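Student: This is the structure, below, for whatever I ask next.
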Amino acid sequence: MENLKFAIFGCGFWSQFQLGAWTEVEGAECVALYNRTRSKAEKLAERFNVPRVYDTAEELLQNEKLDFVDIITDVDTHAHFVELAVKHGVPNVICQKPMAPDYETAKRMVKTCRDAGVNFYIHENYRWEAPIRRYKEVLDAGVIGQPFKARISFLSGFPVFDNQPFLAELEQFILTDMGSHILDVARYLFGECKELWCQILSQTPGIKGEDVATVMMKMKNGMPLYAELSYASIVEHDSFTTVFVLAEGDKGSAYLGPGLEIRTTTRDGTTSEKVTIPSYEWADPDYIVNHESGIPINRNILDDMLGRGKAENTGDDNFRTVQLVWACYESAATGKIIDMDSF
Numbered sequence: 001m002e003n004l005k006f007a008i009f010g011c012g013f014w015s016q017f018q019l020g021a022w023t024e025v026e027g028a029e030c031v032a033l034y035n036r037t038r039s040k041a042e043k044l045a046e047r048f049n050v051p052r053v054y055d056t057a058e059e060l061l062q063n064e065k066l067d068f069v070d071i072i073t074d075v076d077t078h079a080h081f082v083e084l085a086v087k088h089g090v091p092n093v094i095c096q097k098p099m100a101p102d103y104e105t106a107k108r109m110v111k112t113c114r115d116a117g118v119n120f121y122i123h124e125n126y127r128w129e130a131p132i133r134r135y136k137e138v139l140d141a142g143v144i145g146q147p148f149k150a151r152i153s154f155l156s157g158f159p160v161f162d163n164q165p166f167l168a169e170l171e172q173f174i175l176t177d178m179g180s181h182i183l184d185v186a187r188y189l190f191g192e193c194k195e196l197w198c199q200i201l202s203q204t205p206g207i208k209g210e211d212v213a214t215v216m217m218k219m220k221n222g223m224p225l226y227a228e229l230s231y232a233s234i235v236e237h238d239s240f241t242t243v244f245v246l247a248e249g250d251k252g253s254a255y256l257g258p259g260l261e262i263r264t265t266t267r268d269g270t271t272s273e274k275v276t277i278p279s280y281e282w283a284d285p286d287y288i289v290n291h292e293s294g295i296p297i298n299r300n301i302l303d304d305m306l307g308r309g310k311a312e313n314t315g316d317d318n319f320r321t322v323q324l325v326w327a328c329y330e331s332a333a334t335g336k337i338i339d340m341d342s343f
């Protein structure tokens with residue numbers, strides 16, 4: 001079978017790792033890159049041996065016969081490029097998270113692809129991180145029994161605003177950025193949310209959006225889940241690029257914590273295992289947990305395109321995470337508990 005041919009839109013910081021992850025997956029071939037600044041596309045193409053580059057997306061879509069596109073541009077442009085790809089008859093579209101800058105745009109994007117019969121996928125990779133996948137296996141094995149409460153934490157003091165000053169200008173920040181990850185992990189591990197309540201805070205001086213968020217969720221099975229997100233934390237164990245999870249069940253507890261270690265405690269005692277991550281030439285060692293997760297998510301999406309598996313990260317599925325993000329903002333603004341069945 002011939003490789004599926006694809007193009008990448010956007011050659012910024014994350015594209016090198018996304019393209020690197022594609023090189024580890026059999027069955028897909030990148031044939032073209034688009035970037036508004038052509039020199040960035042040329043540099044990436046040279047590194048990964050991509051034959052053609054373009055500085056207009058329209059020209060790329062007119063000249064290339066593609067099986068799919070992978071959109072890795074700024075969130076404000078996601079809808080434009082998704083709709084452009086659909087207009088040009090591309091049968092499969094992958095878009096970086098967060099899906100859209102607002103709730104209504106995300107809803108429109110999903111509908112546009114559904115109405116056109118286009119397979120729509122969101123590159124939401126945290127649920128594909130190796131520690132999260134292994135933690136899910138521990139839960140599913142029933143070692144701790146039926147979970148009755150859980151906590152998911154992302155607490156970091158990483159100088160994100162120093163590295164990316166534009167983030168300080170965003171009206172919404174940590175919920176759309178990290179919340180998209182954390183709330184999706186919550187859904188993956190513990191199912192759908194029935195209702196939620198959220199508070200947000202702008203702790204770092206000079207920023208417009210929130211850099212701290214606290215979310216209380218009641219899952220559909222009745223289990224309470226507490227999610228905490230912060231870029232203002234000074235803590236012993238910084239969780240930058242990953243998350244810590246504690247679940248308590250009727251037979252024990254399981255904690256995914258520092259050092260990629262999962263500690264499982266029952267009445268018989270505590271056992272531990274450390275999740276190991278292979279290294280790759282194209283991946284940044286400081287981000288290896290995150291970058292490596294691009295491989296299994298890409299493989300899962302490709303399998304769906306080829307009809308040999310079912311994708312987890314469809315547009316329809318990720319829209320449920322989008323709903324949680326914007327329900328959090330609604331709760332924070334009104335102080336009310338949001339019923340997700342009617343949101």
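Under the numbering used here, the first residue of the sequence shown carries the number 1, and numbering increases by one thereafter.
Don't be surprised by glycine CBs; every beta carbon is placed ideally from N, CA and C.
Only a predicted model underlies this, so the values are computations on that prediction, with no experimental measurement involved.
#1: State the start and end residues of the unbroken beta strand (DSSP E) segment that holds residue 263.
#2: Does the Cβ of residue 37 have 16 or more other Cβ atoms within 10 Å, making it buried, or fewer, making it exposed?
#3: Which residues in the same chain have their Cβ closer than 6 Å to the Cβ of residue 129, if we skip the five residues on either side of it in sequence?
#4: With DSSP run on the structure shown, which of helix, strand or coil describes residue 35?
#5: Closest by CA to residue 75, which one among 176, 218 and 200?
#6: Any contact of the stretch 127-141 with the stretch 206-216, i.e. 3+ C-beta pairs under 8 Å?
#7: I need the straight-line Cα distance from residue 247 to residue 275, nearest angstrom please.
#8: Looking at the unbroken beta strand (DSSP E) that takes in residue 105, where does it start and where does it end?
#9: Out of 6, 154 and 262, point me to the one whose CA is closest to residue 215's CA.
#10: Closest to residue 98 by CA distance: which of 335, 332 and 318 is it?
#11: Exposed or buried, residue 1, counting other C-beta atoms within 10 Å across all chains shown (16 or more means buried)?
#12: Here's the rule: buried if 16 or more other CB atoms are within 10 angstroms of the residue's CB, otherwise exposed. What is residue 137?
#13: Per DSSP, residue 269 forms a beta bridge with which residues?
#14: Which residue spans inside the stretch 194-240 form an unbroken beta strand (DSSP E) run of at least 3?
#15: Report, in whole angstroms, the separation of the C-beta atoms of residue 139 and residue 189, which I expect to be a contact under 8 Å.
#16: Let me know the alpha helix (DSSP H) ranges lying completely inside the stretch 147-194, each 4 residues or longer, listed in chain order.
#17: Hey, residue 234 and residue 157 are a contact pair by Cβ (cut 8 Å); roughly how many whole angstroms apart?
#18: DSSP beta-bridge partners for residue 30?
#19: Exposed or buried, residue 172, counting other C-beta atoms within 10 Å across all chains shown (16 or more means buried)?
#20: Give me the residue from 102, 100 and 58 with the minimum Cα distance to residue 86.
#21: Tell me which residue opens and which closes the alpha helix (DSSP H) that residue 329 is part of.
#22: To the nearest angstrom, report how far apart residue 337 and residue 328 are at their CA atoms.
#23: Whole angstroms are fine: how far does the CA of residue 273 sit from the CA of residue 66?
#24: I'd like the list of long-range same chain contacts for residue 120, defined as Cβ closer than 6 Å, with 5 residues on each side in sequence excluded.
#25: Helix, strand or coil: how does DSSP classify residue 54 here?
#26: Buried or exposed: residue 335, going by 16 or more other Cβ atoms within 10 Å of its Cβ?
#27: I need the boundaries of the alpha helix (DSSP H) containing residue 130, first residue and last residue.
Tutor: Put simply:
#1: 261-266
#2: exposed
#3: 289 and 293
#4: coil
#5: 176
#6: no
#7: 18 Å
#8: From DSSP, residue 105 is part of no beta strand (DSSP E) but of the alpha helix (DSSP H) over 103-116.
#9: 154
#10: 318
#11: exposed
#12: exposed
#13: 266
#14: 212-219 and 224-230
#15: 7 Å
#16: 160-163 and 174-190
#17: 5 Å
#18: 6
#19: buried
#20: 58
#21: 315-334
#22: 9 Å
#23: 43 Å
#24: 93, 113 and 315
#25: strand
#26: exposed
#27: 130-140
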